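First up is the structure itself, then whatever we jot down about it.
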Amino acid sequence: MKLAKMKDSSAIALNETKVRAKKLLKACQQDEPLAKQRVATLMAKLGISHSDLQLKHCQQVITRELGFIDFHHCQRVLSGQATLGDDWGGLFHTKQCDTLLNHWFTGYLAARDFNAQAEDTLLFPYKKQFCVVERRDYCNALNLPIIFQPVDNAGEPTILRDLVSSYANADWHSFALAMIQHKLPKV
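So this is what it looks like as structure tokens:
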């Protein structure tokens with residue numbers, strides 16, 4: 001079953017962050033070195049030991065790795081509550097595509113207009129800014145499948161090109177899930 005066709009796609013990406021946090025906590029409890037390394041900075045900052053580590057700490061680590069300020073910020077964006085002017089976090093940006101991010105905009109309307117005039121581009125939010133990238137290069141750099149929306153009125157597949165105008169729909173959540181899976185280690 002395709003993610004975009006699931007009934008409640010709004011919870012998919014957010015649930016993935018929760019599952020990853022639980023797995024990270026379990027890995028830390030089993031003394032896995034890579035997991036312990038991921039939480040070490042937060043533990044030092046909070047002055048806690050591994051025996052004091054809780055799920056909320058692992059949620060904090062996961063959401064920071066995804067480019068959010070904290071779990072509440074992540075929850076707000078992934079649950080479809082963010083609005084223009086909000087900080088959208090850095091979910092759709094990675095260091096792997098720094099060289100691809102040629103077109104930065106402080107306002108959505110300018111980014112949308114630029115994106116509409118260009119072909120094969122993708123507009124995505126980054127914190128309080130907007131980026132337009134070459135979609136194929138971006139997806140290839142991240143090893144993501146190129147995302148298609150189901151069909152347009154003529155029954156033809158349409159390409160997801162604007163992650164702001166499609167915010168909180170099933171395709172947006174599918175793309176967000178793909179980014180979460182790309183950005184986070186397995187454990």
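So the sequence shown is numbered by our numbering: it starts at 1 and just counts up by one. Glycine included, every Cβ here is placed at the ideal spot set by N, Cα and C. These numbers were taken from a predicted model, which means no experiment stands behind them.
Suppose you measure from the CA of residue i to the CA of residue j; what does that come to, to the nearest Å?
{"i": "L42", "j": "G107", "result": "33 Å"}
{"i": "N140", "j": "T121", "result": "13 Å"}
{"i": "Y126", "j": "K23", "result": "27 Å"}
{"i": "F124", "j": "Q117", "result": "16 Å"}
{"i": "C28", "j": "A35", "result": "5 Å"}
{"i": "P185", "j": "L46", "result": "23 Å"}
{"i": "R135", "j": "R161", "result": "8 Å"}
{"i": "I12", "j": "S51", "result": "30 Å"}
{"i": "N115", "j": "A40", "result": "41 Å"}
{"i": "F68", "j": "A178", "result": "16 Å"}
Nearest CA to the CA of residue i: which residue from the options?
{"i": "C74", "options": "F130, A176, P185, H182", "result": "A176"}
{"i": "A82", "options": "S166, C97, D171", "result": "S166"}
{"i": "C97", "options": "L55, V132, E65", "result": "V132"}
{"i": "N15", "options": "D87, L163, A44, I62", "result": "I62"}
Should residue i go down as buried or exposed, given a rule of 16 or more other Cβ atoms within 10 Å for buried?
{"i": "Q37", "result": "exposed"}
{"i": "D113", "result": "exposed"}
{"i": "Q181", "result": "exposed"}
{"i": "D171", "result": "buried"}
{"i": "V151", "result": "Note that V151 scores a pLDDT of 43, beneath 50, so its modelled location is shaky and nothing firm can be said."}
Which residue marks the beginning of the alpha helix (DSSP H) containing residue i, and which one marks its end?
{"i": "E119", "result": "Here E119 belongs to no alpha helix (DSSP H), and DSSP marks it neither H nor E."}
{"i": "C97", "result": "Careful: C97 lies outside any alpha helix (DSSP H) and carries neither H nor E."}
Which residue comes first and which comes last in the beta strand (DSSP E) that contains residue i?
{"i": "F92", "result": "First-last for F92: undefined, no H or E at that position."}
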